[in-house]
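To start, the structure under review is shown below, and the notes come after it.
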Amino acid sequence: MRSNGDLARRLSAILLVFLPLQVLLQHWCSSQRFSSTRCDWQPGTQMPADNPSEEVVIGGFVSISLANFVLETFMKHPQPLWSTYMIPKNYQHILALAFAIHEINTNDELLPNITLGYKIYDNKFDSWRATQTTLHLLFRVNGNPLNYNCEKTEQVLAVVGGLTSQNSMQMAHILSIYNIPQVSYGSFEEALSDNIQFPFLYRMTPNEEPQYVGIVCLLQYFGWNWVGLIVPDDNNGETFLRTLTPKLFESHICIVWTMMIPRVSVHLPNKLLNQKLEPILYSFRLIEINVVLVHGDKQSLEALYLTLFYFELHARQPHHKGGCG
Numbered sequence: 114m115r116s117n118g119d120l121a122r123r124l125s126a127i128l129l130v131f132l133p134l135q136v137l138l139q140h141w142c143s144s145q146r147f148s149s150t151r152c153d154w155q156p157g158t159q160m161p162a163d164n165p166s167e168e169v170v171i172g173g174f175v176s177i178s179l180a181n182f183v184l185e186t187f188m189k190h191p192q193p194l195w196s197t198y199m200i201p202k203n204y205q206h207i208l209a210l211a212f213a214i215h216e217i218n219t220n221d222e223l224l225p226n227i228t229l230g231y232k233i234y235d236n237k238f239d240s241w242r243a244t245q246t247t248l249h250l251l252f253r254v255n256g257n258p259l260n261y262n263c264e265k266t267e268q269v270l271a272v273v274g275g276l277t278s279q280n281s282m283q284m285a286h287i288l289s290i291y292n293i294p295q296v297s298y299g300s301f302e303e304a305l306s307d308n309i310q311f312p313f314l315y316r317m318t319p320n321e322e323p324q325y326v327g328i329v330c331l332l333q334y335f336g337w338n339w340v341g342l343i344v345p346d347d348n349n350g351e352t353f354l355r356t357l358t359p360k361l362f363e364s365h366i367c368i369v370w371t372m373m374i375p376r377v378s379v380h381l382p383n384k385l386l387n388q389k390l391e392p393i394l395y396s397f398r399l400i401e402i403n404v405v406l407v408h409g410d411k412q413s414l415e416a417l418y419l420t421l422f423y424f425e426l427h428a429r430q431p432h433h434k435g436g437c438g
């Protein structure tokens, strides 16, 4: 009989091979199910399983949509739903996970006599949502209250995901309590490499130090010594500046301006977001520069996209001629 540790290590190695594959599947089974609230909860209340033959479950956490938060003033009825828009490119993460599980289950030599299942959740680039979905995977998916496993028929073996660093950290704090391994495929935060604080978190992203050296060499090759920097307003952006700035100065490359771009979040109202984007838009207008280094993930680059969109709209506005007299 294999131990859970051996099984988790073998599964992690298999996922590292199959996750990068992007194969279009006909469909995938959504696992996000919600049970009605009951005050008279009884042990044994369970949600129906996706597949009764599943012995262990892999939790897949993706971020394929962004929600637009509306600041309520309570002067009128609040909006029942948030407006969300999809990020089609991130759908590949779902396809890769579904393909990996399918290949494992159809190959008798990988995990014989074990059937894997998966449950996929959308965190919407939000750490609060990551906490909610993680707890739902561990307990609520079978109708159990939080921190209770009553007559559970399936075992959560590992978790794949946490696209952003904040989501990965939030999930890791919960999963480490129950010794559940987590494979993160998109988090570049160096703090996640701390094996003491995150003992069950495994990063698939490589070390960024060689990338910094490559950036400096590329700027020197083309003779670009007058550049601007745009980084996310978080720990990842601060680490990037702290590491790259000395290397640029040593190579006699001047940094004209540095902008911290906000992260688009469901908890950031549009008015506040626009206020944070105005300084960046102002720099684009007044400071002539041809080379800009941009560092960030999908969530922070959404704010940059909005900035460039507003800049383009302003550039296309017609200039009114002054009247006579």
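Residues are numbered in the numbering used here as their position in the sequence shown, beginning at 1, plus a constant of 113. A virtual CB, placed ideally from N, CA and C, is assigned to each residue, including glycine. All values derive from a computational prediction rather than experimental measurement.
Near valine 326, what residues of its chain come up, given a Cβ to Cβ distance below 8 Å and the 5 sequence neighbours on each side ignored? Walking along the sequence shown from the start, residue 326 turns up at place 213. Excluding residues within five positions, the ones whose Cβ falls inside 8 Å are Lys360.
Alpha carbons only, please: which of Tyr395, Glu322, Pro375 and Ser176 is nearest the one belonging to threonine 356? Against the sequence shown, residue 356 aligns to sequence position 243. Answer by Cα proximity: Glu322.
If I measure Cβ to Cβ from phenylalanine 313 and keep anything under 8 Å in the same chain, skipping five residues before and after, which residues do I get? For the purposes of this step, residue 313 is identified with residue 200 of the sequence shown, where counting begins at 1. Taken in chain order, the residues that qualify are Ala285, Leu288, Ser289, Asn292, Ile293, Pro294 and Gln295.
Going by the CB atoms, is the gap between valine 170 and tyrosine 234 shorter than 9 Å? Here residue 234 is taken as the residue at index 121 of the sequence shown, counted from 1. Here residue 170 is taken as the residue at index 57 of the sequence shown, counted from 1. No, Cβ-Cβ distance for tyrosine 234 and valine 170 is not below 9 Å.
Identity of the residue in Asn338, Asn349 and Met373 nearest isoleucine 366 by Cα: As a position in the sequence shown, residue 366 is number 253, starting the count at 1. Residue Asn338 holds the alpha-carbon nearest to the alpha-carbon of isoleucine 366 among Asn338, Asn349 and Met373.
Cα-Cα separation between threonine 318 and leucine 305, rounded to whole angstroms: On the sequence shown, residue 318 is found 205 positions in, with the first residue counted as 1. On the sequence shown, residue 305 is found 192 positions in, with the first residue counted as 1. Going by the C-alpha atoms only, they are around 11 Å apart.
In terms of DSSP beta bridges, what is aspartate 235 paired with? Start at 1 with the first residue of the sequence shown, and residue 235 comes out as number 122. In DSSP, aspartate 235 forms a bridge with Val175.
C-alpha distance - glutamine 155 paired with leucine 229, whole-angstrom precision: The residue you call residue 155 lines up with position 42 of the sequence shown. The residue you call residue 229 lines up with position 116 of the sequence shown. Confidence at glutamine 155 is low in this model, with a pLDDT of 40, below 50, so its placement is unreliable and no value can be given for it.
Bounding residues of the alpha helix (DSSP H) (the contiguous stretch that carries isoleucine 343): By 1-based counting over the sequence shown, the position of residue 343 is 230. Segment 339 to 345 is the beta strand (DSSP E) holding isoleucine 343; no alpha helix (DSSP H) there.
Per DSSP, leucine 445 is paired with what? Residue 445 falls outside the range modelled here, since the chain spans only 114 to 438, and no answer is possible.
Quick check on methionine 74: buried or exposed, where buried means 16 or more other Cβ atoms within 10 Å of its Cβ? Shown here, the chain extends from 114 to 438; a query on residue 74 therefore has no answer.
Is glycine 350 near serine 281, with beta carbons less than 9 Å apart? Here residue 350 is taken as the residue at index 237 of the sequence shown, counted from 1. Here residue 281 is taken as the residue at index 168 of the sequence shown, counted from 1. Against a cut-off of 9 Å, the Cβ pair of serine 281 and glycine 350 comes out as no contact.
Grab the span of the alpha helix (DSSP H) containing leucine 406 for me, first residue to last. Locating residue 406 in the sequence shown gives position 293, where the first residue counts as 1. Leucine 406: not part of any alpha helix (DSSP H); member of the beta strand (DSSP E) spanning 404 to 407, first to last residue.
Buried or exposed: which applies to threonine 277, given that a residue is buried once 16 or more other Cβ atoms fall within 10 Å of its Cβ? Stepping through the sequence shown from its first residue, residue 277 is reached at position 164. Under this definition threonine 277 is a buried residue.
Assigned exposure category for serine 364 - 16 Cβ within 10 Å defines buried: Here the question's residue 364 lines up with position 251 in the sequence shown. Exposed: under 16 other Cβ atoms inside 10 Å.
Could you give the C-beta distance for aspartate 410 and proline 375, rounded to a whole number, given that I count them as a contact under 8 Å? Along the sequence shown, read from residue 1 onward, the residue named residue 410 stands at position 297. Along the sequence shown, read from residue 1 onward, the residue named residue 375 stands at position 262. That belief does not hold up - the Cβ atoms of aspartate 410 and proline 375 are roughly 13 Å apart, past 8 Å.
Would you give the residue range spanned by the alpha helix (DSSP H) that threonine 246 belongs to? On the sequence shown, residue 246 is found 133 positions in, with the first residue counted as 1. From DSSP, the alpha helix (DSSP H) with threonine 246 extends over 240 to 251.
Is the CB of leucine 224 under 9 Å away from at least one CB in chain B? Protein chain content of the structure displayed is limited to a single chain, and chain B is not contained in it.
Candidates Tyr315, Glu302 and Val405, of which the one nearest isoleucine 368 by Cα: Taking the sequence shown and counting its residues from 1, the one referred to as residue 368 is at position 255. Comparing Cα-Cα distances from isoleucine 368 to each of Tyr315, Glu302 and Val405, the minimum goes to Val405.
To which residues of the same chain is glycine 299 closer than 6 Å at the C-beta, ignoring the five residues directly before and after it? For the purposes of this step, residue 299 is identified with residue 186 of the sequence shown, where counting begins at 1. Leu276, listed in sequence order.
Report back the beta-carbon spacing between isoleucine 214 and leucine 224 to the nearest angstrom; my notes put them in contact at under 8 Å. Position 101 of the sequence shown, counted from the start, is the residue given in the question as residue 214. Position 111 of the sequence shown, counted from the start, is the residue given in the question as residue 224. No, isoleucine 214 and leucine 224 are not in contact; Cβ-Cβ is about 10 Å, not under 8 Å.
Roughly how many angstroms lie between the CA atoms of glycine 157 and glutamine 268, to the nearest whole one? For this step, residue 157 is matched to residue 44 along the sequence shown. For this step, residue 268 is matched to residue 155 along the sequence shown. Note on glycine 157: pLDDT 35, under 50, position unreliable in the model; the coordinate value appears next. For glycine 157 and glutamine 268, the distance between alpha carbons rounds to 16 Å.
Could you check how far apart the C-beta atoms of tyrosine 198 and leucine 179 are, in whole angstroms? I think they sit under 8 Å. In the sequence shown, the residue the question calls residue 198 occupies position 85. In the sequence shown, the residue the question calls residue 179 occupies position 66. Tyrosine 198 to leucine 179, Cβ: 6 Å. Contact.
Classify leucine 421: buried if its beta carbon has 16 or more other beta carbons within 10 angstroms, exposed otherwise. Working through the sequence shown from its first residue, we reach residue 421 at position 308. Per the 10 Å Cβ criterion, exposed.
Around the Cβ of glutamate 439, are there at least 16 other Cβ atoms within 10 angstroms (buried) or fewer (exposed)? With the chain covering 114 to 438 only, the question about residue 439 has no answer from this structure.
C-beta atoms of isoleucine 343 and threonine 371 nearer than 9 Å: Here residue 343 refers to the residue found at position 230 when the sequence shown is read from its first residue. Here residue 371 refers to the residue found at position 258 when the sequence shown is read from its first residue. A contact, by the Cβ cut-off of 9 Å.
Does lysine 232 pass the burial test, meaning 16 or more other C-beta atoms within 10 Å, or should it be called exposed? Position 119 of the sequence shown, counted from the first residue, corresponds to residue 232. Burial of lysine 232 is indicated by the presence of at least 16 other C-beta atoms within 10 angstroms of its C-beta.
Taking glutamine 333 as the reference, which of Ile393, Ile309 and Phe362 has the closest Cα? Within the sequence shown, the letter at position 220 stands for residue 333. Out of Ile393, Ile309 and Phe362, Phe362 has the C-alpha closest to the C-alpha of glutamine 333.
DSSP beta-bridge partners of isoleucine 374: Within the sequence shown, the letter at position 261 stands for residue 374. Partner(s): Pro345.
Spell out the partners DSSP gives alanine 271 in its beta bridges. Along the sequence shown, one-based indexing puts residue 271 at 158. The partner list for alanine 271 (beta bridge, DSSP) reads Ile171.
If the criterion is Cβ atoms closer than 9 Å, does the pair glycine 173 and glycine 336 meet it? Along the sequence shown, one-based indexing puts residue 173 at 60. Along the sequence shown, one-based indexing puts residue 336 at 223. No, the pair does not count as a contact, with Cβ atoms beyond the cut-off.
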